[in-house]
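This report concerns only the one structure given below.
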Amino acid sequence: MVPSSHERYKTGTRVWMVTANREKGGQEWVKADVYRTEETGGGTRVSMREVAGREVFTVVVPHQANTSPHGQQVHEGFTLLERAPRDQSNGNTPGQHVGLFDLPPEIDALLVAKGLKDILSYDLPSVGHLLRLLDIIQQSDEWAATVAIVRVAKHQGWRGGQLPIELGSADVEGVGSRAVFEGRCEALRQLSLIKRHINIALERRNSGVELLDGRRLTIRTRHTLPANSPFRNGYDEANPVCAYYDADFASVRDAVLMRWGGSEVADRRVLRSNDATRHNRLRQLATQPPPIWGCHTTSTSHWPAEGSFYRVIVLHGDQPGQTFAAHISIFSTPTVAAASLYTTEPPVMGVGAARFPQTVRRVRQVMGADAQVVFGNQLDVAVD
Numbered sequence: 494m495v496p497s498s499h500e501r502y503k504t505g506t507r508v509w510m511v512t513a514n515r516e517k518g519g520q521e522w523v524k525a526d527v528y529r530t531e532e533t534g535g536g537t538r539v540s541m542r543e544v545a546g547r548e549v550f551t552v553v554v555p556h557q558a559n560t561s562p563h564g565q566q567v568h569e570g571f572t573l574l575e576r577a578p579r580d581q582s583n584g585n586t587p588g589q590h591v592g593l594f595d596l597p598p599e600i601d602a603l604l605v606a607k608g609l610k611d612i613l614s615y616d617l618p619s620v621g622h623l624l625r626l627l628d629i630i631q632q633s634d635e636w637a638a639t640v641a642i643v644r645v646a647k648h649q650g651w652r653g654g655q656l657p658i659e660l661g662s663a664d665v666e667g668v669g670s671r672a673v674f675e676g677r678c679e680a681l682r683q684l685s686l687i688k689r690h691i692n693i694a695l696e697r698r699n700s701g702v703e704l705l706d707g708r709r710l711t712i713r714t715r716h717t718l719p720a721n722s723p724f725r726n727g728y729d730e731a732n733p734v735c736a737y738y739d740a741d742f743a744s745v746r747d748a749v750l751m752r753w754g755g756s757e758v759a760d761r762r763v764l765r766s767n768d769a770t771r772h773n774r775l776r777q778l779a780t781q782p783p784p785i786w787g788c789h790t791t792s793t794s795h796w797p798a799e800g801s802f803y804r805v806i807v808l809h810g811d812q813p814g815q816t817f818a819a820h821i822s823i824f825s826t827p828t829v830a831a832a833s834l835y836t837t838e839p840p841v842m843g844v845g846a847a848r849f850p851q852t853v854r855r856v857r858q859v860m861g862a863d864a865q866v867v868f869g870n871q872l873d874v875a876v877d
């Protein structure tokens, strides 16, 4: 049975509270002591005073709390997490505390605001982990581009292929220290939280070197980019250009998205000397700024010395409600170009592209006339 509010909040109990009277944006978690309780109609008025501070808090808690879907006992934004009288702990010994402010609804509201309601969930064991998750999400900027990568990753079957991702204590602790987290760009902050769920390894060495899947990831500043870099105009401090695998990537997210899987549907290779028109179009598709065919989820890498570009364009699977992922990869040099089409759609009976009817229909719709330019007649199959 859930204890009554009078039993839960005794004089001398130490609690966690969010300050309410500080300047907007300056609210923070503080410790407070219960110094008075008074019975009211159906509940208890609980008065608290900030430890080593001047702020006071007063809330009315009903005698019987409701049960939160996250397992805490709650009332209008307040949660009973643990209970211990103040005299059972001291300033040097970590004690148990009552957390009155209901963290799960605040986290849930933030997930909705950032478009993460169907992407992230959580199962965390303590108020400390909940506080850390709240802080991580608050300091991780906009998630839309990372959400697209998560959707593609799940279609690839990574970590079971199910959404939402359930974050646990290992994920929250895996972001590293506060100094490491705050020293990273927003894209890396997001990736540090979800990395194991999209099958990547991200590590910050003591020297400050970032490793992505065991290989060095070097963040390029705007000042260190060559004047003729193809990525200069689109540079974003929140998702900066980086060097990885001996190539320059348009952004950190581009380096993460440069993965593919599934079945090959079609492929084409052309020499400029034999088919300049098709080569030039592939070159253009590999180098022009996104979006391409209205597709925003792309990955672009560049080898300056060779004049080579490699690009992945997600054609399907990065939006809600889509049941498979399809992408085209394009490799281009000044003399040769190649394109391949991949899908995670389960194959049906047939030959060639006809085994993937949903993919063919979608690719024709997205690429339009370029479907024939890039792949010739390979997608001219009956799919109805």
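Residue numbers for the sequence shown follow my numbering, so the first one is 494 and each next one is one higher.
The beta-carbon is built from N, C-alpha and C at its ideal position, and this holds for glycine as well.
Practice task
Please name the residue in His789, Pro618, Gly676 and Ala694 whose C-alpha comes closest to that of Gly701.
Solution key: Gly676
Exercise for the section: Give the DSSP bridge partners of Ser700, in chain order. Expected result: Looking at the DSSP assignment, Ser700 forms no beta bridge with any residue, so it has no partner.
Handout entry: Inter-stretch contact at 8 Å, needing at least 3 Cβ pairs: the stretch 761-768 / the stretch 829-849
Key = yes
Problem - Backbone CA spacing between Arg725 and His716 [nearest angstrom] - result: 10 Å
Practice task
Determine, using beta carbons only, whether Asp747 and Ser794 come nearer to each other than 8 Å.
Solution key: yes
Practice task
Could you name each continuous alpha helix (DSSP H) segment of 4 residues or more that falls completely within the stretch 717-752, going from the start of the chain to the end?
Solution key: 745-750
Practice task
Could you check if Asn767 is buried or exposed, using at least 16 other CB atoms within 10 Å of its CB as the buried criterion?
Solution key: exposed
Handout entry: Beta-carbon contacts of Asp741 that lie in its chain and below 6 Å, excluding the five residues immediately before and after
Key = His795
Practice task
Return the residue from the list Gly534, Gly707 and Gly814 that minimises the CA-CA distance to Asp611.
Solution key: Gly814
Handout entry: Short Cβ contact (8 Å threshold) for Ser633 with Arg709
Key = no
Problem - Whole-angstrom C-beta distance between Thr639 and Ala680, which should lie under 8 Å - result: 7 Å
Practice task
Report yes if the CB atom of Val484 is closer than 8 Å to the CB atom of Arg538, and no otherwise.
Solution key: Nothing about residue 484 can be read from this structure; the chain reaches only from 494 to 877.
Handout entry: Identity of the residues DSSP links to Leu705 by a beta bridge
Key = Leu695 and Arg708
Practice task
Note down, in chain order, each residue of its chain lying with its Cβ closer than 6 Å to the Cβ of Leu596, except the 5 sequence neighbours on either side.
Solution key: Leu623
Practice task
Give me the Cα-Cα distance between Pro723 and Cys678, rounded to the nearest whole angstrom.
Solution key: 21 Å
Exercise for the section: Could you tell me the distance, in whole angstroms, from the CA atom of Val544 to the CA atom of Tyr615? Expected result: 30 Å
Problem - Cβ neighbours of Val880 in the same chain (closer than 7 Å, five flanking residues each side left out) - result: Any question about residue 880 goes unanswered here, given that the chain covers just 494 to 877.
Handout entry: Alpha-carbon spacing of Trp786 relative to Thr816, whole angstroms
Key = 20 Å
Problem - Which of helix, strand or coil DSSP assigns to Thr530 - result: strand
Practice task
Using 10 angstroms around the beta-carbon of Gln581, count the other beta-carbons present and answer buried if the total reaches 16, otherwise exposed.
Solution key: Note that Gln581 scores a pLDDT of 37, beneath 50, so its modelled location is shaky; the value from the coordinates is reported in the next line. Counting Cβ neighbours within 10 Å, Gln581 comes out exposed, since fewer than 16 surround it.
Handout entry: Range of the contiguous alpha helix (DSSP H) that encloses Ala641
Key = Ala637 to His648
Practice task
With DSSP as the reference, label Pro555 as helix, strand or coil.
Solution key: strand
Handout entry: Residue interval of the beta strand (DSSP E) (run including Gly536)
Key = Gly536 to Glu543
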